[in-house]
Amino acid sequence: MGGRLRLLVALAVGLAIVGWFLGFWSSLAAWLAAFGRFLAASTEVPNWLLGLFALCAVIVAGWLGASLRPERAPPRRAPIRSQEAFFNIRWRWSYDESGAVRDLAPHCLRCDHRLVLQDLDHRHPVGRYECRCESCGAVACEIDCPVDEFERRVLSRIHQQGG
Ligand SMILES: [Zn+2]
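According to our numbering, the sequence shown is numbered sequentially starting from 10.
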C-alpha cells in the first residue's frame, strides 16, 4: 500500500525533474509571463476608460432614478375650477396660481344660463331689484347693492367655505 504511494510520488518527482531538464518548466514560465503581460496590457489601457464608463453608468442610473421617481405633487391649495350656490345663484370660478379666485361668474340655478348682474341705477330707484334669468325668466336673486359689492359678499362666502 505505502510502497505504491511512494512509487507514485517518485514517479511524479521524476517526471518533474525530467520535464525541467527538457525545458518544459521554462516554456511554461514563459507562457505564464506572456499571459501575465497580456492581462496587464488589456487592463492598463481600459482602466481610465472603465472608470469613465462607470461614471457614465452612475450618472445615467441617477438620471433614470430621478426621472422614474414620482414627482411630488404641489400641495393642493384649491381645485382648479369650482362652483357653489350662494344667494340662490350658481357661481362658477377658477383659481390662479396664488389661489386667488378668478373669473367669478353667476349662473341660473334652474337652467344654468349665464346671469347678467346689473348695477343699481336710475332704473332701480327702490335700490333693490330682482335679478331675472334671461333664458328661463326665473328670479335668481334680489340685488340690493352694487354688483362689485355683491361679488365681494360671494367671495367672502367662498373664502369662508374654503376655510
Ligand atoms: Zn334660467
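We put the CB at the ideal spot given by N, CA and C, even for glycine.
Item, Value
"At the level of alpha carbons, what is the spacing between A114 and G136?", "23 Å"
"Report all residues from its chain with a CB closer than 6 Å to the CB of S144; omit the five preceding and five following residues, and keep chain order.", "C120, H122"
"Rounded to the nearest angstrom, what separates F95 and P155 at their Cα positions?", "16 Å"
"When every heavy atom of ligand 1 is checked, does at least one fall within less than 8 Å of the C-beta of R119?", "yes"
"Give me, in chain order, the residues of the same chain whose beta-carbon lies closer than 8 Å to that of I89; leave out the 5 immediate sequence neighbours on both sides.", "S103, Y104"
"Exposed or buried, F159, counting other C-beta atoms within 10 Å across all chains shown (16 or more means buried)?", "buried"
"So L126 and C140 are in contact, right, with Cβ under 8 Å, and what is the actual spacing, rounded?", "6 Å"
"So does C145 have its beta carbon nearer than 8 Å to some heavy atom of ligand 1?", "yes"
"For L73 versus I98, is the C-beta distance shorter than 9 Å?", "no"
"At what residues does the beta strand (DSSP E) containing D112 begin and finish?", "110-117"
"Beta carbon of C209: closer than 8 Å to some heavy atom of ligand 1?", "Residue 209 lies beyond the stretch modelled for the chain, which goes from 10 to 172, so this question has no answer here."
"What is the rounded straight-line gap between the Cα of S35 and the Cα of G71?", "51 Å"
"Give me whichever residues DSSP pairs with Q170 in a beta bridge.", "Looking at the DSSP assignment, Q170 forms no beta bridge with any residue, so it has no partner."
"Between H122 and ligand 1, is the CB less than 8 Å from at least one heavy atom?", "yes"
"Assign W29 to buried or exposed, taking buried as 16 or more other Cβ atoms, counted over all protein chains shown, within 10 Å of its Cβ.", "exposed"
"Kindly examine ligand 3 and report whether one of its heavy atoms sits closer than 8 Å to the Cβ of E143.", "Judged by which ligands are present, ligand 3 is missing from the structure shown, whose ligands are ligand 1."
"At the level of alpha carbons, what is the spacing between V27 and F33?", "9 Å"
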